[in-house]
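Residue numbers (our numbering): 213 to 487.
We treat Cβ as the ideally placed atom computed from N, Cα and C, and that holds for glycine.
Just below is one structure, and these are the notes that go with it.
This is the structure we're talking about:
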């Protein structure tokens, strides 16, 4: 059974249950009762309506979820199938491309292109060689003259550089010769007698030998004098005297040592010549 509606209550209110003619007070009382019953019926109807709306969404929630899950599963399946189809298509295209690249027609065409490029490069090389030969014919003599001049300049600078080194070495040697002469004069004038004097002389001898070793490293050498024939290029004769051991024209005494640097004279030796 359903609850009474407002229409039912209003219809029933128009009927008189006692089948009598009501009075004014009775009519007023009946009208108030009927209105109260109508409000109660309306309240009941509204309550059922609210309950129906509150139950409605919950009742339809599960079918909606199921439908969504099913739709999602179908969508994933379709995407997977589409991906497999794309992969198969790509693999097929790659295989077709590989077959085309390995085909005899393609390889022959590629070989023809390479041969054509080689022919073009050879033509360019031949043209460049022809231009070089033309340039040689036109400017060859000028190039040879410039190359010869450049070689002469290099030789001149190299010679000047070596000469500069030789001059510097000779100048240093000439300055050091003054020190060596002092050592020689001291060794000839002083004779060490005591152990203390001999120790001092040994120290001077060590310094003297060190200078001579440096001269040897630089290429500065002593000029031979005693017992050699007098040579005016390397010997400077200070006196001439008779000598029992040496014949005439032979150097019999060395007064000052002379030195050479290679083939160049650093200082002539001062000597006495036998008469």
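**Message:** Using DSSP's beta-bridge definition, name the partner residues of residue 463.
**Reply:** 485
**Prompt:** By the 10 Å Cβ neighbour count, where 16 or more other Cβ atoms means buried, how is residue 365 classified, buried or exposed?
**Reply:** exposed
**Item:** Three-state class that DSSP yields for residue 441 in the structure shown
**Value:** strand
**Asked** Can you tell which of 416, 329, 386 has the C-alpha that lies nearest to the C-alpha of residue 400?
**Response** 416
**Item:** Spatial distance of residue 469 from residue 362 (CA atoms)
**Value:** 44 Å
**Prompt:** How long is the line joining the alpha carbons of residue 421 and residue 438, rounded to whole angstroms?
**Reply:** 21 Å
**Asked** Among the residues of its own chain, which have a CB less than 8 Å from the CB of residue 452, if the five just before and after it don't count?
**Response** 484, 485, 486, 487
**Request:** Grab the span of the alpha helix (DSSP H) containing residue 420 for me, first residue to last.
**Result:** 407–430
**Request:** Throw me the rounded Cβ distance for the residue 488 and residue 473 pair, which I believe falls under 8 Å.
**Result:** This structure gives no information on residue 488, because the portion of the chain shown stretches from 213 to 487.
**Prompt:** In three-state DSSP terms, what is residue 283?
**Reply:** Because the pLDDT of residue 283 is 43, which lies under 50, any placement of that residue in the model is unreliable, and the question is left without a value.
**Request:** Excluding the 5 residues preceding and the 5 following residue 402 in the sequence, name in chain order all residues of the same chain whose CB lies nearer than 6 Å to its CB.
**Result:** none
**Message:** Pop quiz: residue 466 and residue 449 are said to be a contact at Cβ under 8 Å. What is the actual Cβ separation, rounded to whole angstroms?
**Reply:** Rounded, the Cβ-Cβ distance is 12 Å, inconsistent with contact.
**Prompt:** Which ranges does the beta strand (DSSP E) cover as unbroken runs of at least 3 residues, wholly within the region 319–378, from first to last along the chain?
**Reply:** none
**Message:** For residue 435, count the other beta carbons within 10 Å of its own beta carbon; 16 or more makes it buried, fewer makes it exposed. Which is it?
**Reply:** buried
**Prompt:** How should residue 323 be labelled, buried or exposed, when 16 other C-beta atoms within 10 angstroms of its C-beta is the threshold for buried?
**Reply:** exposed
**Request:** Keeping to the same chain, check which residues put their C-beta closer than 8 Å to that of residue 454; ignore five residues upstream and five downstream.
**Result:** 486, 487
**Prompt:** Helix or strand or just coil, what does DSSP make of residue 230?
**Reply:** Confidence in residue 230 is poor, its pLDDT being 41 and thus under 50, which makes the residue's placement unreliable; the coordinate value appears in the next sentence. Correct three-state label for residue 230: coil.
**Request:** Report the three-state DSSP secondary structure of residue 456 (helix, strand or coil).
**Result:** coil
**Asked** Helix, strand or coil for residue 449 per DSSP?
**Response** strand
**Request:** Report the rounded CA-to-CA distance for residue 471 versus residue 432, giving the unit in angstroms.
**Result:** 7 Å
**Prompt:** Taking C-beta to C-beta, are residue 478 and residue 382 nearer than 8 Å?
**Reply:** yes
**residue 433, DSSP secondary structure in three states** = strand
**Prompt:** If you draw a straight line from the C-alpha of residue 426 to the C-alpha of residue 419, how long is it?
**Reply:** 11 Å
**residue 393 versus residue 367 - alpha carbon distance** = 38 Å
**Prompt:** Are residue 391 and residue 412 touching if we call contact CB-CB under 8 Å?
**Reply:** no
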